[in-house]
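Asker: Sharing a structure, written as structure tokens. Questions coming.
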Amino acid sequence: MRPTPQPTTCTVTEAVFGRAHGRGDRPALIDLGAGVVYGYRRLAGEVTRGASGLVRRGARRRQVAGIHVDNAAAQTLAVHTVIAAGGVAAPIVPGSEEMAELLVEWEARLLITTPPLAESSLQAAEDSRVRQVIAFGQARDTVDFADLLLLEPIPLPFLDPAVQPALLIEDGGVLTHQDLLMRMHALDRLAAIEKSDVLLVTWPLVCSLAMTTLIGLALMHGALVVVAPGLSSTELSATIHDFGVTVMALSDGSIQRV
2 MRPTPQPTTC TVTEAVFGRA HGRGDRPALI DLGAGVVYGY RRLAGEVTRG ASGLVRRGAR
62 RRQVAGIHVD NAAAQTLAVH TVIAAGGVAA PIVPGSEEMA ELLVEWEARL LITTPPLAES
122 SLQAAEDSRV RQVIAFGQAR DTVDFADLLL LEPIPLPFLD PAVQPALLIE DGGVLTHQDL
182 LMRMHALDRL AAIEKSDVLL VTWPLVCSLA MTTLIGLALM HGALVVVAPG LSSTELSATI
242 HDFGVTVMAL SDGSIQRV
């Protein structure tokens, strides 16, 4: 029987990555646009060590962390790292002109970005109360996420999934760990993703809640996730063939089996 979310007894981190180390180096997430490949052990390890690094650098439970990145792999890693550290992940549409205002409204103290978006992220940090900017790579006046992984590990905070906020969504609402897992559980009844599946996601980053829910569900079950937004029809057919795709999340929001 496939493992399913346990909304009242475990956190998002435990549900999504609880079996990841046992899956070893089997591919978990491939972002074709960013040219990034994560195996299960590496992805889970970077989430937990990155979360420990955030806590060591002063991250506090329930604090909002803005996430302003340009690819799905970075968004997935950032969202789950913040959640594991006890924070509230708040994805921001790349290039948003309201980023500084949103960070002020959320009272965010942390912003996670990628090098191509570092300059605009730093400007928004200066215009808000953000105290540190972390980048997935080297960028001026930022902390490299890789440096978090080198810090001496410390215990992650105990989180009650029923009340601990996890994700700030597009309409301004906040989902707890339990809320997010229940969304995964509801989607699971429709998508029925298996360990043997290869999931192709073509959604843009603006669909942050949908992507977090679907990718989290696929990782929970041990599937391979391939992310490739903006494919032409020819590229889509080639990608399906090359990776042996069995489930597709299309740009219109639908999910279907191949």
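Numbering (our numbering), first residue to last: 2 to 259. Every residue gets a Cβ at the ideal spot worked out from N, C-alpha and C, and that includes glycine. The structure presented is a predicted model; accordingly, all values stated were derived computationally and were not measured.
Answer yes or no: do V134 and W107 have a C-beta to C-beta separation smaller than 8 Å?
Answerer: no
Asker: Nearest by alpha-carbon distance to H81: which of P116, L44 and A109 is it?
Answerer: L44
Asker: Could you tell me whether the stretch 216-227 touches the stretch 187-207, using the rule of 3 or more Cβ pairs below 8 Å?
Answerer: yes
Asker: According to DSSP, which residues form a beta bridge with Y39?
Answerer: L30
Asker: Where do the N-terminal and C-terminal ends of the beta strand (DSSP E) with R184 fall, by residue?
Answerer: No beta strand (DSSP E) holds R184; the alpha helix (DSSP H) holding it covers H178 to A192.
Asker: Which partner residues of L225 appear in the DSSP bridge assignment?
Answerer: V199
Asker: Provide the residue span of the beta strand (DSSP E) that contains H69, from first to last.
Answerer: V65 to H69
Asker: Which of the three DSSP states is assigned to D145 in this structure?
Answerer: strand
Asker: Take every Cβ of the stretch 250-259, pair it with every Cβ of the stretch 105-119, and state whether three or more of those distances are shorter than 8 Å.
Answerer: no
Asker: Label Q69 either buried or exposed according to how many other C-beta atoms from any shown protein chain fall within 10 Å of its C-beta, with 16 as the threshold for buried.
Answerer: Correcting the residue identity first, residue 69 is His in this sequence and not Gln. With 16 or more Cβ atoms within 10 Å of its Cβ, H69 is classed as buried.
Asker: Return helix, strand or coil for I155, following the three-state DSSP convention.
Answerer: Coil at I155, not helix or strand.
Asker: Suppose you measure from the CA of R61 to the CA of T235; what does that come to, to the nearest Å?
Answerer: 47 Å
Asker: Quick check: the Cα distance between M183 and L215, rounded to an integer number of angstroms?
Answerer: 12 Å
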